[in-house]
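Undergrad: Per numbering that gives the first Met the number 0, residue 0 is the first one in the sequence shown, and the count goes up by one each step.
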Amino acid sequence: MKVLGNIIWLIFGGIEIAIEYVLASLAMMVTIIGIPFGLQSIKLAMLALWPFGTEVRKNETSGCLNTTMNIIWFFVGGFWIWLTHIGFGLLFFITIIGIPFGKQHFKLAKIALTPFGREII
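1. For the beta strand (DSSP E) that Val55 lies in, which residues bound it at each end?
2. What separation, rounded to the nearest whole angstrom, lies between the Cα atoms of Gly88 and Ile32?
3. I'd like the span of the beta strand (DSSP E) that includes Ile119, first residue to last.
4. When the Cα atoms are used, what is the spatial distance from Leu90 to Leu82?
5. So the alpha helix (DSSP H) Val21 belongs to, where does it begin and stop?
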């Protein structure tokens, strides 16, 4: 069922979201300071391609650097990415068939708000 959900996800917008994340990561990696943010954006792109069956855990060794990076991320673009996922999640929750896809958008929204200090399994 996870494979079918991922295939439907890719057809109905997963590829576009992943491309958006990759383009944003390329734009962030123009400067040396933006490289960590670009790497987090690539992590989000990988999750956006295959969200069903993946799990996100909080890294136990995260410290104050991750908190600082999350604060910077929030102001650089994390808030707008979060709003996009919340909007799509609410749209998918209109129908019963779209509820699993809405849940995945809410999972991505949580990660898009604070990606530093999390690992995808």
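C-beta: ideal position from N, C-alpha, C; glycine also.
Keep in mind it's a predicted model, so treat the numbers as computed, not measured.
TA: Reading from the atomic positions:
1. Locating residue 55 in the sequence shown gives position 56, where the first residue counts as 1. Per DSSP, Val55 belongs to the beta strand (DSSP E) from 55-57.
2. As a first step, residue 88 must be located in the sequence shown, where it is residue number 89. As a first step, residue 32 must be located in the sequence shown, where it is residue number 33. Cα to Cα, the separation comes out at about 32 Å.
3. The residue labelled residue 119 in the question sits at position 120 within the sequence shown. Looking at the DSSP string, the run of the beta strand (DSSP E) that includes Ile119 is 117-119.
4. By one-based count along the sequence shown, residue 90 stands at place 91. By one-based count along the sequence shown, residue 82 stands at place 83. Cα-Cα distance, rounded: 12 Å.
5. The residue labelled residue 21 in the question sits at position 22 within the sequence shown. For Val21, the enclosing alpha helix (DSSP H) starts and ends at 14-27.
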